[in-house]
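Contents: one structure, followed by commentary.
Numbering (my numbering), first residue to last: 29 to 226.
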C-alpha cells in the first residue's frame with residue numbers, strides 16, 4: 029500500500045484484501061510478493077526523474093557547460109569575423125578554422141547557447157517545454173559539428189585524426205558527453221509521458 033502510487037490506491041487495496049481470502053499461507057505470501065513487485069513496478073513507472081533535486085541540478089550543470097562552450101566558440105568566432113576587438117587583441121591570421129568559417133555558423137552557435145541557457149531555467153522550473161529547449165540546440169550543435177567535419181578546409185577532421193592517433197581515448201569525452209545529453213533528453217521525455225501526481 030505504501031509503495032503503490034496514489035493513483036492506484038483502490039487497486040492496491042483490492043490486492044491487499046485478496047490476501048485475506050487465500051487459505052494457504054504459502055500462496056498468500058506468494059500473492060503478497062507478487063503484489064509488492066507489481067506495486068514497485070508501477071511506482072517506478074510513475075516517478076519523474078526531475079522531481080529529484082540532484083538529478084535536476086546535475087542536468088542544469090551539464091547544460092551550463094554546453095552553453096558556456098557553445099557561447100565561447102560563438103564569441104571568439106564572431107569577434108574575429110566582425111573585426112571586433114581585433115586591434116587590441118589581434119588574432120593570428122593563420123587560424124584556418126576562423127578563416128573558412130561562414131558567418132552563419134557562429135550565429136547558429138550563439139542561438140544554440142542561448143537556448144541551452146533557457147533550457148536550464150525550464151528544467152529548474154520543471155516545465156514540460158524543457159525537452160524541446162534541450163533537443164533543439166542539441167540537434168543544431170550536432171549538425172554544425174557534422175558540417176565542420178565534412179568541410180576539409182576547416183581542418184576539423186584532420187585535427188581529430190591527429191588527436192586520435194596520439195591517444196585512442198581522445199574520443200571518450202565527446203562520446204560520454206553525447207551519451208549524457210541523450211540521457212537528459214530521455215529523462216525529460218519520460219517526464220512528459222508520466223502523468224502529474226494527483
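Where is the CB? At the ideal position from N, CA and C, for every residue including glycine.
Determine the contact status of residue 230 and residue 219, defining contact as a CB-CB distance below 8 Å.
Lying before the first or after the last residue shown, residue 230 is absent from the chain, which here runs from 29 to 226.
Which same chain residues, not among the five before or five after residue 47, have their C-beta less than 7 Å away from its C-beta?
To locate residue 47, count along the chain shown from 1; it is residue 19. Excluding residues within five positions, the ones whose Cβ falls inside 7 Å are 56, 59, 60.
Check whether the segment 94-110 and the segment 129-143 are in contact - that is, three or more C-beta pairs closer than 8 Å.
yes
Out of 163, 133, 131, 132, point me to the one whose CA is closest to residue 145's CA.
Translated into positions along the chain shown, residue 145 becomes position 117. Comparing Cα-Cα distances from residue 145 to each of 163, 133, 131, 132, the minimum goes to 163.
By alpha-carbon positions, which one of 80, 133, 166 ends up nearest to residue 179?
Mapped onto the chain shown, residue 179 falls at position 151. Out of 80, 133, 166, 133 has the C-alpha closest to the C-alpha of residue 179.
Given that a residue counts as buried once 16 or more other Cβ atoms are within 10 Å of its Cβ, and exposed if not, what is residue 200?
One-based indexing of the chain shown puts residue 200 at position 172. It counts as exposed.
Taking just the CA atoms, how far does residue 68 sit from residue 171?
Position 143 of the chain shown, counted from the first residue, corresponds to residue 171. Position 40 of the chain shown, counted from the first residue, corresponds to residue 68. C-alpha separation (whole angstroms): 41 Å.
Which value, in whole angstroms, describes the spacing of the CA atoms of residue 40 and residue 49?
For this step, residue 40 is matched to residue 12 along the chain shown. For this step, residue 49 is matched to residue 21 along the chain shown. Straight-line Cα distance between these residues: approximately 15 Å.
Candidates 174, 79, 175: which alpha carbon is nearest residue 216's?
Along the chain shown, one-based indexing puts residue 216 at 188. The shortest Cα separation from residue 216 among 174, 79, 175 belongs to 79.
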